[in-house]
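Number of protein chains: 2
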Amino acid sequence: MSISSRFSVGIHILTLIEINKDGVSSSEYLAGSVNTNPAVIRKIMGMLKKAGLIKVQPGIAGAELAKDLSDITLLDVYKAVNVVKDNELFSIHENPNPDCTVGRNIQNTIEPLFFSAQNAMEKVLENVTIEDVVKDVIEKEIKR
Amino acid sequence: MSISSRFSVGIHILTLIEINKDGVSSSEYLAGSVNTNPAVIRKIMGMLKKAGLIKVQPGIAGAELAKDLSDITLLDVYKAVNVVKDNELFSIHENPNPDCTVGRNIQNTIEPLFFSAQNAMEKVLENVTIEDVVKDVIEKEIKR
DNA sequence: TAATATGTAACTACAATGATTACATGTAAT
DNA sequence: ATTACATGTAATCATTGTAGTTACATATTA
């Protein structure tokens with residue numbers, strides 16, 4: 203199991219749109235940097251657009267950020283690209299035996315534990331913005 | 203994407219072995235409570251055994267906990283049943299374009315962020331033991 | 001040796017991922 | 001208006017993981 207790379211690609215796209223803000227970030231251009239097919243990029247762009255993170259228009263080349271850099275968290279991207287359904291990072295087996303003490307209580311016991319673990323993870327994502335990512339990419343670039 | 207229910211089934215198994223400690227927890231018995239096939243249970247039992255969490259022997263019916271209740275954390279179970287590879291909860295797209303500023307730095311920027319998010323989640327699992335789960339199941343049972 | 005349990009391998013159905021192709025739709029320049 | 005080009009989206013495919021099922025070898029005990 204692994205969370206889809208749509209998430210990391212989404213971060214890549216937003217970061218590149220910012221760094222290339224004086225140029226035109228078409229799906230083909232972005233695909234060239236991510237190194238995948240433009241249709242894959244367009245699909246993810248569609249999700250980012252739906253979530254209000256970028257502005258794109260049919261027929262017009264290029265995408266722009268729809269919000270301030272510092273106002274887009276990794277959690278926003280994570281939710282936008284739909285890699286994990288709400289509160290379903292962990293799946294719990296269904297239909298345990300109601301005639302057994304453990305069977306009839308285990309789901310209610312486990313569920314809040316899983317929620318809080320998932321929540322701790324998402325809180326970390328919420329505390330990082332695309333601005334942080336852009337700055338780090340630039341910093342790493344300078345140190346080369 | 204969702205983390206395999208092997209994890210929740212593993213917790214169920216350990217909890218039931220404890221609560222049924224005066225009885226015999228065979229794979230068939232456990233399967234009856236989880237409500238799945240005994241072979242599925244045996245496969246997971248094999249993983250729990252390999253991780254040193256339970257004792258099972260071929261030919262001998264029943265499983266026992268190999269460690270103290272309070273000494274088995276949910277993180278132990280999570281690692282035992284192999285639902286997420288080490289530091290690979292999030293997958294990062296491979297082969298971004300090295301001729302692009304973002305392409306050649308994004309992986310190194312994203313990786314530590316993903317690690318810390320995954321780590322925050324695992325820390326929560328580390329702070330819950332099977333003893334906590336057993337107690338909660340019993341408590342919920344009493345309140346019925 | 002008969003009965004029973006664990007350990008495994010093989011096979012199936014199903015779902016998600018990521019890539020690819022194709023094409024409809026929308027925009028702008030000539 | 002027609003051409004050129006970009007986005008939006010559907011269909012298809014190979015690959016992988018999950019969960020269940022069957023079957024059987026191996027091990028233990030009565």
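Residue numbers (my numbering), protein chains in the order written: chain Z, 203 to 346; chain B, 203 to 346.
Even for Gly, the Cβ is constructed at its ideal location relative to N, Cα and C.
These numbers come from a predicted model, not from an experiment.
Q: Whole angstroms is fine: what's the gap from K252(Z)'s alpha carbon to I213(B)'s?
A: 38 Å
- Message: Measuring CB atoms only, is the segment 305-314 of chain B touching the segment 266-274 of chain Z, in the sense that at least three cross pairs come out at less than 8 Å?
- Response: The segment 305-314 of chain B, when compared against the segment 266-274 of chain Z, does not touch it at the 8 Å Cβ threshold.
Exercise. Are the beta-carbon atoms of L218(Z) and S227(Z) separated by less than 9 Å?
Worked result: Yes, they are a contact pair.
Identify the residues that DSSP records as bridge partners of Q259(Z): which are they? I262(Z)
**Backbone CA spacing between I262(Z) and A241(Z) [nearest angstrom]** = Taking the straight line joining both Cα atoms gives about 16 Å.
Requested in this report: Measuring only between beta-carbons, confirm whether N239(B) sits less than 9 Å from chain Z.
Outcome: no
Output, in chain order, the set of chain Z residues within a Cβ distance shorter than 7 Å of E343(B).
T303 and N307
**Asked** For R208(B), is the classification buried or exposed, using 16 other Cβ atoms within 10 angstroms of its Cβ as the cut-off for buried?
**Response** buried
Among residues of its own chain, excluding the 5 on either side of N297(Z), which ones have a beta-carbon nearer than 6 Å to its beta-carbon?
none
For K252(Z), report the span of its alpha helix (DSSP H) as first-last. P240 to K252
### Message
Tell me whether the segment 277-291 of chain Z and the segment 317-330 of chain Z touch, counting them as touching only if at least three CB pairs, one residue from each stretch, are closer than 8 Å.
### Response
Proximity of the segment 277-291 of chain Z to the segment 317-330 of chain Z meets the contact definition, three or more beta-carbon pairs being nearer than 8 Å.
Query raised in the report: With 9 Å set as the bound, which would you pick, yes or no: does the beta-carbon of Q320(Z) sit closer than that to a beta-carbon of chain B?
Result: yes
* If you drop the 5 nearest sequence neighbours on each side, which residues of the same chain put their C-beta closer than 7 Å to that of I312(Z)? -> I294
Which complete beta strand (DSSP E) runs does the segment 257-314 of chain B hold, if anything under 3 residues is left out?
262-267
- Bridge partners of T217(Z), per DSSP? According to DSSP, T217(Z) bridges with nothing at all.
- Message: I'd like the list of long-range same chain contacts for D301(Z), defined as Cβ closer than 6 Å, with 5 residues on each side in sequence excluded.
- Response: none
Grab me the residues of I243(Z)'s own chain with a C-beta within less than 6 Å of its C-beta, minus the 5 sequence neighbours each way, in chain order.
Excluding its 5 nearest sequence neighbours in each direction, I243(Z) has C-beta neighbours in its own chain below 6 Å: S229, L232 and A233, listed in chain order.
Q: Could you tell me how far apart the beta carbons of M203(B) and V285(Z) are, in whole angstroms, since I believe they sit closer than 8 Å?
A: 6 Å
- Item | With 16 other Cβ atoms within 10 Å as the buried cut-off, status of S235(B) | buried
Worksheet item: From this set, P260(Z), T238(Z) and N329(Z), which residue's C-alpha is nearest G248(Z)'s C-alpha?
Response: P260(Z)
Is there a Cβ from chain Z that is less than 9 Å from the Cβ of I294(B)? yes
With a 10 Å radius around its C-beta and 16 neighbouring C-beta atoms as the bar for buried, classify S210(B) as buried or exposed. buried
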